[in-house]
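Encoded as structure tokens, the structure appears first; notes follow it.
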Amino acid sequence: MSRILAVGSVAYDSVETPFGARKEILAGSATYFSLAASHFVPVAVVAAVGDDFKASDLDVLASRGVDLSGVQRLAGRTFRWAARYSDDLNDRTTLSTELGVFAEFKPSIAAAQRQSPYLFLGNIDPDLQRGVFEEMEPPRLVACDTMNFWIEGRRAALDLTLAVIDLLVINDAEARLLSGESNLASAARKILSMGPKALIVKRGEYGAAVFGSGFVFFVPALILEGVVDPTGAGDSFAGGLVGCLAALDRPGPEIRGKDGGWIEEAALRTAVGAGTVMASFTVQGFGVEGLLAASAEAIEKRQGDLARMAGWTPTRLPLRRQR
Ligand code: AMP
1 MSRILAVGSV AYDSVETPFG ARKEILAGSA TYFSLAASHF VPVAVVAAVG DDFKASDLDV
61 LASRGVDLSG VQRLAGRTFR WAARYSDDLN DRTTLSTELG VFAEFKPSIA AAQRQSPYLF
121 LGNIDPDLQR GVFEEMEPPR LVACDTMNFW IEGRRAALDL TLAVIDLLVI NDAEARLLSG
181 ESNLASAARK ILSMGPKALI VKRGEYGAAV FGSGFVFFVP ALILEGVVDP TGAGDSFAGG
241 LVGCLAALDR PGPEIRGKDG GWIEEAALRT AVGAGTVMAS FTVQGFGVEG LLAASAEAIE
301 KRQGDLARMA GWTPTRLPLR RQR
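Those letters in the sequence shown? Residues 1 to 323, per my numbering, in order.
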């Protein structure tokens, strides 16, 4: 059984950035998440692809040990998304979102996967997210991502999902949209009252702010050259974060919100660092190229660089070493 079950999109993206353009490349929230998280623990993906999805693209995930038994191949087109980035890469305009087979997708979770202790509800229809949650044995930790498309279009369903999760990982524009507050501290307070035990607000090149019950902290982003395509940074961040939390896990209630436990600040700090590091690889290539090029040694080195930048005592990441 995998330590993490992740539901999200497996997609073909078309992106334009000041550094180039790519058409219909392998992407999607579950793709980025699982490639990043699989550096820490075994991951299984629940998603749908169309009959146009290339076997070689599934092989990319399988070659990293991602369990694809929950990926259904349905008649129809794979989810497609197209976007264009601003000159400074800080803003993007979605040009099109084509749900394809996700419009009809009804996930069914195999018996063994229902016991995965960590659940990641990637950016996808909030009803689908909650459907997956409801099929599970209560997981130790449920993390969730969403975006403007669902905040604006499916708010009532999203509110029901927010009520059942422990960790919400969104960017600052999404936090403002979700809360209706322009001040980030007010936005965080309001969002924490909607259900999540901790909120991580991604601020792109300006790092991530973490809000929990009784703590707030900030983790800077790595300052890097060679950034060409920010797509998937958020999902890779979530993959590093949840993967690292799952690998650090030990018996006991430390990283559990709903059952009276709490999300431990020290573990969260290391894990947000791991998320930051995984995202830093993603943005240095188009699609999944940058992430695929990251070795365990390179990940460890960047975690050390981040620790020095942030003034932390470096700690070893709980990476899997079998690759
Ligand atoms: P990120 O850059 O981390 O926010 O994630 C970008 C990925 O999310 C892309 O690879 C898209 O295929 C995927 N994506 C974009 N919009 C949606 C959506 N509405 N639902 C699910 N996945 C999406």
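All C-beta atoms in this analysis are idealised placements derived from N, C-alpha and C, irrespective of residue type, glycine included.
Boundaries of the beta strand (DSSP E) harbouring GLN72: 67-73, taken from the DSSP string. Annotation: VAL46 is outside any alpha helix (DSSP H); the continuous beta strand (DSSP E) that includes it extends over 43-49.
Nearest in C-alpha terms to LEU68, of all of LEU121, ARG22, LEU5, LEU95, is LEU5. A contact between stretches requires three or more CB pairs, one per stretch, nearer than 8 angstroms, and the region 199-214 fails this requirement with the region 2-18. The C-alpha of THR146 is placed about 17 angstroms away from the C-alpha of ASP13. Counting C-beta pairs with one atom in each stretch, the region 262-274 and the region 101-117 have fewer than three that are closer than 8 angstroms, which means they do not touch. For the set ALA75, VAL219, VAL227, GLY240, the Cα lying nearest the Cα of ALA48 is the one of ALA75. In the displayed model, ASN148 falls within a helix according to three-state DSSP. Just measuring C-alpha positions, the residue of THR313, SER96, ALA103, SER9 sitting nearest LYS23 is SER96. Around the beta-carbon of ILE151, 16 or more other beta-carbon atoms lie within 10 Å, marking it buried.
ALA37 has its CB no nearer than 7 angstroms to any heavy atom of the ligand AMP.
A distance below 6 angstroms between beta-carbons, with the five flanking residues on each side excluded, links THR94 to the following residues of its chain, in chain order: ALA83. For ASN171, the beta-bridge partners assigned by DSSP are LYS202.
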